[in-house]
Structure formats: structure tokens, C-alpha cells
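In the working numbering, the protein residues as written are 721 to 828.
Here a beta-carbon is modelled for each residue, glycine too, at the ideal position from N, C-alpha and C.
Single-structure report; data block below.
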């Protein structure tokens, strides 16, 4: 496991896992190849939120937006199967009354 060297990661080593801290020492993390992937992921999440949902109230629908992003992120290596999986899920769910749909808004 790689991290930025925070003290809280001492527990990772204490549990018997290999931990290699990477100290930036004044360098920008995006200049370090070890952290390039997280910068890419965070940049993609930020771009998809600001581009896809600019006209919506983010605070009201944040849970839904982040769930949609997590769904796509977890299936990023199977993008060609995504439309079929969504179709199957839609057909399997079937029609729902409005009260059932409102439960998602009430839980936020």
C-alpha cells in the first residue's frame, strides 16, 4: 500500500500489511507518478459532476449523483456491457408507485 505518509497509516503497518509512505517534500503530488491515478480519478469525478449536473441543486441530489458515479466507476472496464445491464435492471425493477420513488428523496 502506498500513501502520503500520514501518521494514521501506522496502523496499516501494525496490522501486518506492507506500507510504503511516499513523502512529497514540497513537491506537488501530481508530479509524483505514484499519485497520478488518484488525481485522474478526482479530476474525472469533479468534471462529471460540474458538467453533467450544472442546473440541479447539488446539495439536494448529491447522494444520487455520487451513487451514479460510483456505479459507472465500478464498471469502468465493462462499459460496453453497461447499457445492457441498465436495461435488465430497469425491466427487473418494474413500475413503482410515486410514494416508493419519494423514499429516496426523504432519506437525503
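- Three-state secondary structure assigned by DSSP to residue 815: Looking up residue 815 in the chain shown gives position 95. Looking at residue 815 - three-state DSSP - the assignment turns out to be coil, as it is neither helix nor strand.
- Message: DSSP three-state label for residue 740, please.
- Response: Mapped onto the chain shown, residue 740 falls at position 20. Reduced to three states, the DSSP call for residue 740 is strand.
- How is residue 795 classed by DSSP in three states: helix, strand or coil? In the chain shown, residue 795 corresponds to position 75, counting from 1. Of the three classes helix, strand and coil, the one that applies to residue 795 here is coil, per DSSP.
- Query: Is the region 752 to 770 touching the region 778 to 797, taking contact as three or more C-beta pairs under 8 Å?
  - Reply: yes
- Query: Which value, in whole angstroms, describes the spacing of the CA atoms of residue 751 and residue 805?
  - Reply: One-based indexing of the chain shown puts residue 751 at position 31. One-based indexing of the chain shown puts residue 805 at position 85. Going from the Cα of residue 751 to the Cα of residue 805 covers about 38 Å.
- Please confirm whether residue 755 and residue 743 have their CB atoms less than 9 Å apart. Within the chain shown, numbered from 1, the residue matching residue 755 stands at position 35. Within the chain shown, numbered from 1, the residue matching residue 743 stands at position 23. It is not a contact, given that the beta carbons lie outside the stated cut-off.
- Query: By Cβ distance below 8 Å, which residues in the same chain neighbour residue 795 in space, the five residues on each side in sequence not counted?
  - Reply: Within the chain shown, residue 795 is the residue found at index 75, counting from 1. Closer than 8 Å at the Cβ level, and outside the excluded window around residue 795, lie 801, 802 and 805.
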